[in-house]
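Please read the structure below before turning to the comments.
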Amino acid sequence: MSVWSNNAKFVNGKLEISGCAVSELAKEFGTPLFVIDEADFYARAKAWQSALNSGFGANAGTVYYAAKAFISVEIAKWINEIGIGLDVCTGGELEVALAAGFPTSKIELHGNNKSVAEIAKAIEVGVATIVVDSLQELARVSKLASAMNKVQSIMLRLTPGVEAHTHEAISTAHEDVKFGFSIASGAAWNAVVAARSAMNLKLKGFHCHIGSQIFKSEGFELAADRLISLLAKYQDEFKEELPELDLGGGYGIAYLENEITLDPIETMTHLANVVKKSCAANNLKVPQISIEPGRAIVGPTTTTIYEVGTTKEVRLENGEVRWYISVDGGMSDNIRPALYGAEYSAYLANRNSDASLRNSRVVGKHCETGDILIREVKLASDIEPGDLLAIPATGAYGRSMASNYNHMARPAVISVINGTARTILRRESAADLLALDIKESPRTIPGVTQNERRDK
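Quick note: the sequence shown uses the working numbering, first residue 1099, plus one each step.
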């Protein structure tokens, strides 16, 4: 059961996660529902830190959990208890970390367009590192650090020209992207020179992220080699070594039964061999190596539970019949199938069925033809309204990318462990959906009369 969290199992056809029957969870907490296997989250996070330590020994840096995959105050508390770092890429994610009491000395701030307010807040609270993405941002960080009489540690995000074998929208290290400084064009070296000349900045090293949902190691190898070559150039030019290299994340997980989630030990062992070999070839000491798994930690831990609302047959032009199964969520709680063409698995979760399987399509309730969660899946032909479907491996970019499209309330997230369940993010209510609507009196716009305003 590679797509499931470690503590999920079927008992007499009914899905249980960490000793909790999902049919009972649905009754208590409603659907759609994100169910996170808390013990599995801890185990996966610890496994990546252990693998990093095993592969790089004294040169092992920090595992930064990528908050963009999924973050909440409770998740940030878990990360702190586990003892790893946290990677945030917006002021909002930083605020969640601060609300959780997460130590700022273990936070790094990403993002290709950080605002002045976001940078100022990060410097003020003392984040460990700001990953700089442009020359304008470099100047911005330096100016703000100077105004606060601080020296801010930074890394430079580099694009090594590696195009991972993934969807273009999640491939982030080839040249034609919005992220980072290109090594090939010389922009990266220009950024190095600018960073060294900034009095209130301390350049710690380089960072890259070659994409997401990557299963093959070649991209990681090539990216590491190109960054290490730049580290060697830095040493030759300035007669000192940069101490750190952050190789990002992107480690693939299984969404379908025929896929395999990358093993942390195998992945880090292989990466360590590549890094050590490249450093030796460039006459460099091995720098401190950090990584940023997000999906690889939270993705497999979570299962989404939906209730079936309607089913119907649709006859195709070729004469075949497709069974449409509509559930009570959809693209508002999982946009990835519509956005990336991502594929998932689905399973009848509340009962056993001996009925034959039929060609099915699982769709949501939104007013969009493209609101399709799973295009093709074999499901029991006796599925009916009221049944529960479980879609595993939804921990990453499900709730974190959720929207209120069609004014749908975002689902609750509950944690289960040892037969107990608790809410860590409550379900939105109608009051939440209406909370931002304001009725205010018209205000005069300078230079525009009320009649002109109405005409416009």
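A virtual CB, placed ideally from N, CA and C, is assigned to each residue, including glycine. The structure displayed is predicted, hence computed values, not measured ones.
Query: In the DSSP assignment, the beta strand (DSSP E) including Gly1303 goes from what residue to what residue?; Result: Leu1299 to His1305
Query: Between Glu1342 and Gly1468, what straight-line distance do the alpha-carbon atoms span, to the nearest angstrom?; Result: 44 Å
Query: Tell me the rounded alpha-carbon separation between Val1214 and Val1171.; Result: 24 Å
Query: How is the alpha helix (DSSP H) around Tyr1332 delimited, first residue to last?; Result: Glu1316 to Phe1336
Query: Please check the pair Leu1471 and Gly1462, which I expect to be a contact at CB under 8 Å, by giving their CB distance rounded to whole angstroms.; Result: 6 Å
Query: What does the alpha-carbon distance come out to for the pair Val1412 and Arg1393?; Result: 35 Å
Query: With which residues is Asn1450 paired in a DSSP beta bridge?; Result: BP columns for Asn1450 are empty, so no partner.
Query: Just verifying my parser: in three-state terms, what is the DSSP assignment at Ala1394?; Result: helix
Query: Straight-line CA distance for Ala1478 to Trp1176?; Result: 38 Å
Query: Helix, strand or coil, according to DSSP, for Arg1142 in the structure here?; Result: helix
Query: Among residues of its own chain, excluding the 5 on either side of Ala1506, which ones have a beta-carbon nearer than 7 Å to its beta-carbon?; Result: It is worth fixing the name first, because residue 1506 is Met in this sequence and not Ala. The answer, listed in chain order, is Ser1430.
Query: Please name the residue, chosen from Tyr1332, His1464 and Ala1174, that lies closest to Phe1598 on a Cα-to-Cα basis.; Result: Look at the range of the chain in this structure, 1099 to 1554, and you will see that residue 1598 is not part of it.
Query: Here's the rule: buried if 16 or more other CB atoms are within 10 angstroms of the residue's CB, otherwise exposed. What is Ala1533?; Result: exposed
Query: Going by alpha carbons, who is nearest to Leu1236 out of Val1223, Arg1142 and His1208?; Result: His1208
Query: Taking 7 Å as the limit between beta carbons, can you name the residues of its chain near Ala1285, skipping five residues before and five after?; Result: Phe1279
Query: Taking C-alpha atoms, which residue in Leu1382, Ser1203, Ile1312 and Pro1385 lies nearest to Tyr1349?; Result: Ile1312
Query: Relative to the C-alpha of Gly1439, which candidate in Leu1531, Tyr1353, Ala1243 and Glu1136 has its C-alpha closest?; Result: Tyr1353
Query: Hey, is the stretch 1112 to 1119 in contact with the stretch 1130 to 1138, meaning 3+ C-beta pairs nearer than 8 Å?; Result: yes
Query: How many whole angstroms separate the CB atoms of Asn1432 and Gly1346, which I take to be in contact at a CB cut-off of 8 Å?; Result: With 8 Å as the limit, Asn1432 and Gly1346 do not qualify as a contact, their Cβ atoms being about 24 Å apart.
Query: Using DSSP bridges, identify the partner residues of Thr1085.; Result: Within the shown structure, residues of the chain are numbered from 1099 to 1554, placing residue 1085 beyond reach of any answer.
Query: Comparing C-alpha positions only, which one of Val1223, Lys1125, Ala1165 and Thr1367 sits nearest to Ala1149?; Result: Thr1367
Query: Specify whether the stretch 1316 to 1336 and the stretch 1252 to 1259 touch according to this definition: at least 3 beta carbon pairs, one from each stretch, less than 8 Å apart.; Result: yes
Query: Which one of Ala1243, Lys1300, Cys1306 and Val1396 has the shortest CA to CA distance from Ser1251?; Result: Lys1300
Query: Classify Arg1255 as buried or exposed, calling it buried when 16 or more other Cβ atoms lie within 10 Å of its own Cβ.; Result: buried
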